[in-house]
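Line by line, the protein sequences are chains Y and W. If you count the first sequence from 1, position 205 lands on 660 in my numbering, and the numbers rise without skipping. If you count the second sequence from 1, position 176 lands on 631 in my numbering, and the numbers rise without skipping. Quick reminder that beta carbons are idealized off the backbone N, C-alpha and C, glycines included.
Protein chains: 2
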Amino acid sequence: MTQQSPEPLTDPALDPARAPSLAGVERAAAKVAALLPPTPLLPLDIDGVTVWCKAECLQPVGAFKIRGAWHRLSDLTAEQAAAGVVGVSSGNHAQGVAWAAKRLGIRATIVMPGNAPAMKLAATRALGAEVVLYDRVTESRDAVAAKLLAERGGTLVHAYGDPWIIEGQGTAGLEAEGQLRARGFAGFDKVVACCGGGGLTAGLALALPDAEIVAVEPEGWDDVTRSLAAGEIMSVEDMAHPTECDALQTPETWPINFAVLQARGVRGAVVTREEVRHAMRVAFEKLHLVVEPGGAAALAALLAGKVAPGAATLVTLSGGNVDPQKYAEILAGY
Amino acid sequence: MTQQSPEPLTDPALDPARAPSLAGVERAAAKVAALLPPTPLLPLDIDGVTVWCKAECLQPVGAFKIRGAWHRLSDLTAEQAAAGVVGVSSGNHAQGVAWAAKRLGIRATIVMPGNAPAMKLAATRALGAEVVLYDRVTESRDAVAAKLLAERGGTLVHAYGDPWIIEGQGTAGLEAEGQLRARGFAGFDKVVACCGGGGLTAGLALALPDAEIVAVEPEGWDDVTRSLAAGEIMSVEDMAHPTECDALQTPETWPINFAVLQARGVRGAVVTREEVRHAMRVAFEKLHLVVEPGGAAALAALLAGKVAPGAATLVTLSGGNVDPQKYAEILAGY
Numbered sequence: 456m457t458q459q460s461p462e463p464l465t466d467p468a469l470d471p472a473r474a475p476s477l478a479g480v481e482r483a484a485a486k487v488a489a490l491l492p493p494t495p496l497l498p499l500d501i502d503g504v505t506v507w508c509k510a511e512c513l514q515p516v517g518a519f520k521i522r523g524a525w526h527r528l529s530d531l532t533a534e535q536a537a538a539g540v541v542g543v544s545s546g547n548h549a550q551g552v553a554w555a556a557k558r559l560g561i562r563a564t565i566v567m568p569g570n571a572p573a574m575k576l577a578a579t580r581a582l583g584a585e586v587v588l589y590d591r592v593t594e595s596r597d598a599v600a601a602k603l604l605a606e607r608g609g610t611l612v613h614a615y616g617d618p619w620i621i622e623g624q625g626t627a628g629l630e631a632e633g634q635l636r637a638r639g640f641a642g643f644d645k646v647v648a649c650c651g652g653g654g655l656t657a658g659l660a661l662a663l664p665d666a667e668i669v670a671v672e673p674e675g676w677d678d679v680t681r682s683l684a685a686g687e688i689m690s691v692e693d694m695a696h697p698t699e700c701d702a703l704q705t706p707e708t709w710p711i712n713f714a715v716l717q718a719r720g721v722r723g724a725v726v727t728r729e730e731v732r733h734a735m736r737v738a739f740e741k742l743h744l745v746v747e748p749g750g751a752a753a754l755a756a757l758l759a760g761k762v763a764p765g766a767a768t769l770v771t772l773s774g775g776n777v778d779p780q781k782y783a784e785i786l787a788g789y
Numbered sequence: 456m457t458q459q460s461p462e463p464l465t466d467p468a469l470d471p472a473r474a475p476s477l478a479g480v481e482r483a484a485a486k487v488a489a490l491l492p493p494t495p496l497l498p499l500d501i502d503g504v505t506v507w508c509k510a511e512c513l514q515p516v517g518a519f520k521i522r523g524a525w526h527r528l529s530d531l532t533a534e535q536a537a538a539g540v541v542g543v544s545s546g547n548h549a550q551g552v553a554w555a556a557k558r559l560g561i562r563a564t565i566v567m568p569g570n571a572p573a574m575k576l577a578a579t580r581a582l583g584a585e586v587v588l589y590d591r592v593t594e595s596r597d598a599v600a601a602k603l604l605a606e607r608g609g610t611l612v613h614a615y616g617d618p619w620i621i622e623g624q625g626t627a628g629l630e631a632e633g634q635l636r637a638r639g640f641a642g643f644d645k646v647v648a649c650c651g652g653g654g655l656t657a658g659l660a661l662a663l664p665d666a667e668i669v670a671v672e673p674e675g676w677d678d679v680t681r682s683l684a685a686g687e688i689m690s691v692e693d694m695a696h697p698t699e700c701d702a703l704q705t706p707e708t709w710p711i712n713f714a715v716l717q718a719r720g721v722r723g724a725v726v727t728r729e730e731v732r733h734a735m736r737v738a739f740e741k742l743h744l745v746v747e748p749g750g751a752a753a754l755a756a757l758l759a760g761k762v763a764p765g766a767a768t769l770v771t772l773s774g775g776n777v778d779p780q781k782y783a784e785i786l787a788g789y
């Protein structure tokens with residue numbers, strides 16, 4: 456008998472199908488805190504109400520994705536690490552995986568859309584990862600990744616459909632909660648998160664079990680919002696729908712994410728291009744932060760009045776990787 | 456005999472001519488820490504060498520000036536506070552004074568150049584301060600302020616020539632030193648500071664007595680650099696010399712600042728408009744921070760090779776208040 460399948464998993468904590476948990480978020484938070492200083496939690500006044508912006512655009516790779524990637528890669532067994540990892544990403548998860556892989560001496564291959572922002576492609580390569588391009592409209596990135604894994608072996612590090620990734624992203628919530636309490640406030644009662652596949656949103660939902668959670672998506676890419684309303688996973692209908700929020704262009708959430716979102720009663724909200732652009736300008740002017748379109752969606756929903764703030768609202772400014780020409784064009788739109 | 460002069464000061468700590476001190480910086484640091492969370496200390500790789508960027512553009516008013524203003528205004532006597540304050544500033548000190556005054560319930564009047572960036576004028580007014588405009592080329596701002604004080608009374612809160620202001624700005628250095636040590640490094644051996652009148656530079660020189668200090672100025676406004684080389688205070692020669700670094704457009708340093716700079720053997724460096732613009736783009740791309748021209752001068756000197764990094768170099772990214780159109784123009788110059 457030839458060996459057709461990998462050795463059975465003996466440690467349930469290494470099972471990629473395990474459910475993510477608050478305990479997992481707490482374990483991830485300890486690992487993240489040992490490596491990365493907290494990102495600032497910045498107050499912002501919106502019509503007289505203060506909301507709290509978590510400036511994840513200030514992470515070393517310019518996005519929260521470094522959290523989940525570090526939790527995932529640092530938990531690989533020596534054997535898994537030796538075989539390398541394959542990631543799929545529009546750019547921010549790519550940099551997170553590449554950063555963690557470089558630090559751990561692991562070979563990383565990342566499947567990225569050919570139309571990803573130039574700076575995201577360049578930054579991923581600069582971190583030493585091999586980039587394999589695919590066509591976002593005509594190809595399935597998961598299929599491209601599966602083919603690579605079949606050819607080369609290694610471990611898939613999915614951008615959101617993975618318990619480590621969910622737990623790792625959730626560390627932003629625990630960190631923010633600690634920062635808010637250190638300033639003398641009670642904890643968050645509301646979380647407004649930028650949502651692509653639902654990794655960050657699910658992680659925050661686990662991390663802050665008493666808060667109301669809202670997932671914000673860009674127009675045309677509102678599959679999570681529709682899925683939550685329908686009670687079942689629905690896909691993006693037009694994969695060619697234009698959006699500037701490249702970081703949130705995910706065709707559908709995965710069951711592991713959806714289970715968490717549903718259990719927590721998460722609801723969705725959808726923002727327009729102009730609302731996102733306005734939020735980027737507000738972040739520029741009031742916070743002096745460079746926020747990419749996909750990283751400004753949650754703030755956009757609050758500024759546009761599509762989501763009402765709570766008594767203490769956490770807003771994710773989840774990434775800042777935007778090409779300078781695009782950013783200049785958006786700012787000059789004033 | 457009529458009373459020609461104010462009542463003699465009975466508390467030497469209230470003497471505006473007293474020398475600023477490290478003990479004063481430490482006292483200021485405790486006051487600042489009670490009010491403002493630390494700004495991030497972000498590593499940046501320059502040709503393989505890590506320097507440490509202090510992101511003061513993330514302060515609530517977008518600049519380090521809030522530190523000195525808070526130290527100064529919170530030390531006013533009840534009588535002084537009741538009479539109000541008068542500040543002179545191109546915009547960042549204005550916002551610092553206005554912010555502190557609002558928080559303490561003190562009336563603030565700020566003398567600002569008519570050609571200050573629109574967002575700085577608007578932000579100062581939005582904080583409740585009265586703005587009195589003057590012409591930067593034909594009028595002396597100190598003379599305008601003196602006239603206001605003679606008419607209205609109150610306390611002058613100078614932008615740099617004041618022991619409280621110097622000590623307050625120095626708190627950025629103590630804070631950064633603590634952050635660096637928390638990451639397992641020894642203290643800073645070099646400090647590269649954006650320099651206008653020398654408030655921040657003198658404060659950092661007091662705060663970090665073992666570090667080499669470099670004051671960086673923009674072309675045409677290099678009076679501190681020339682003064683340090685000459686051993687005496689020299690003024691800017693052409694007050695109409697164009698520069699984008701409005702925050703660093705000070706005609707000359709004051710004796711209280713110069714005494715500290717000279718005693719510490721501070722030297723100057725001068726950067727061009729293009730070097731500053733490049734530094735702003737690097738801060739955008741690598742750090743995702745909006746840095747105004749005057750706030751990018753120190754980084755510009757390092758990037759241009761005009762100042763060599765030390766083993767552990769502190770770089771001030773001192774402000775982020777820049778009009779969006781100007782910022783877009785600079786970014787698009789890529």
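Classify Asp678 of chain Y as buried or exposed, calling it buried when 16 or more other Cβ atoms lie within 10 Å of its own Cβ. buried
Suppose the cutoff is 6 Å on Cβ atoms and the five residues either side in sequence are ignored; what does the same chain contact list for Pro618 of chain W look like? Arg473 and Pro475
Could you pull the start and end residues of the beta strand (DSSP E) that Met567 of chain Y belongs to? Ala563 to Pro568
Output the boundary residues of the alpha helix (DSSP H) element that contains Tyr782 of chain W. Pro779 to Ala787
Beta-carbon separation of Ala767 of chain W and Ala601 of chain W under 9 Å? no
Starting from the C-beta of Ala536 of chain W, find all residues in its chain whose C-beta is less than 6 Å away, skip the five residues before and the five after it, and write them out in chain order. Ile561
Is it right to say Gln704 of chain Y is buried, meaning 16 or more other beta carbons lie within 10 angstroms of its own, or is it exposed? buried
Residue of Y:Ala637, Y:Leu661, Y:Arg607 and Y:Val612 minimising C-alpha distance to Gly628 of chain Y: Y:Leu661
Between Val746 of chain Y and chain W, is there a C-beta pair that is closer than 9 Å? yes
Nearest candidate by alpha-carbon position, reference Ile688 of chain W, set W:Gln717, W:Pro673, W:Cys700 and W:Met694: W:Gln717
For Val543 of chain Y, which residues in the same chain have their Cβ closer than 7 Å to its Cβ, ignoring the five residues on either side in sequence? Val566, Arg596, Asp597, Ala600, His613 and Ala614
Go through its chain and collect everything with a Cβ distance to Gly583 of chain Y's Cβ below 8 Å, but skip five positions before and after it. Ala553, Ala556, Lys557 and Ala563
Taking Cβ-Cβ distances shorter than 7 Å, what residues in chain W pair up with Gly517 of chain Y? His743
From Thr727 of chain W to Glu594 of chain W, what does the alpha carbon distance come to, in whole angstroms? 26 Å
Does Gln550 of chain W pass the burial test, meaning 16 or more other C-beta atoms within 10 Å, or should it be called exposed? buried
Touch test, the segment 492-500 of chain W against the segment 684-699 of chain W, Cβ-Cβ under 8 Å, three pairs minimum: no
Nearest-angstrom Cβ-Cβ length linking Ser852 of chain W and Cys649 of chain W, presumed shorter than 8 Å: As shown, chain W starts at 456 and ends at 789. That puts residue 852 of chain W outside it, with no answer to give.
Starting from the beta carbon of Tyr782 of chain W, find every residue of chain Y whose beta carbon is closer than 7 Å, and list them in chain order. Leu786
Please decide whether Asn547 of chain W counts as near chain Y, where near means a Cβ-Cβ distance under 9 Å. no
C-alpha distance - Phe713 of chain W paired with Val691 of chain W, whole-angstrom precision: 15 Å
Helix, strand or coil, according to DSSP, for Leu499 of chain Y in the structure here? strand
State the beta-bridge partners of Ala670 of chain Y as determined by DSSP. Y:Ala648 and Y:Gly723
In whole angstroms, what separates the C-alpha of Pro710 of chain Y from that of Gly623 of chain Y? 18 Å
Taking the beta strand (DSSP E) that Glu585 of chain W belongs to, which residues open and close that run? Glu585 to Tyr589
Quick check on the burial criterion: 16 or more other C-beta atoms within 10 angstroms. Buried or exposed for Leu742 of chain W? buried
Drop a sphere of 10 angstroms on the beta-carbon of Thr494 of chain W, count the other beta-carbons inside from all chains shown, and report buried for 16 or more, exposed for fewer. buried
What do you reckon, are the CB atoms on Gly750 of chain Y and Ala702 of chain Y nearer than 9 Å? yes
Do three or more CB pairs link the segment 481-488 of chain Y to the segment 603-611 of chain Y at distances below 8 Å? no
For the segment 601-635 of chain Y, enumerate the residues whose C-beta is nearer than 9 Å to any C-beta of chain W, in chain order. Gln634
Reducing DSSP to helix, strand and coil, say where Val679 of chain Y ends up. helix
Complete runs of the alpha helix (DSSP H) confined to the segment 705-773 of chain Y [at least 4 residues]: 710-718, 728-737 and 752-758
How big is the Cα-Cα spacing for Ala752 of chain W and Leu611 of chain Y? 44 Å
Alpha carbon to alpha carbon, what distance is there between Ala631 of chain Y and Leu769 of chain Y? 8 Å
Buried versus exposed, by CB contacts within 10 Å (16 or more), Arg732 of chain Y: buried
Please name the residue in Y:Leu491, Y:Pro764, Y:Pro471 and Y:Gly760 whose C-alpha comes closest to that of Ala635 of chain W. Sequence check: residue 635 of chain W is Leu here, not Ala. When each option's Cα is compared against that of Leu635 of chain W, the closest is Y:Leu491.
Mapping DSSP to helix, strand and coil, what is Cys798 of chain W? Residue 798 of chain W lies beyond the residue range present for chain W, which begins at 456 and ends at 789; the question has no answer from this structure.
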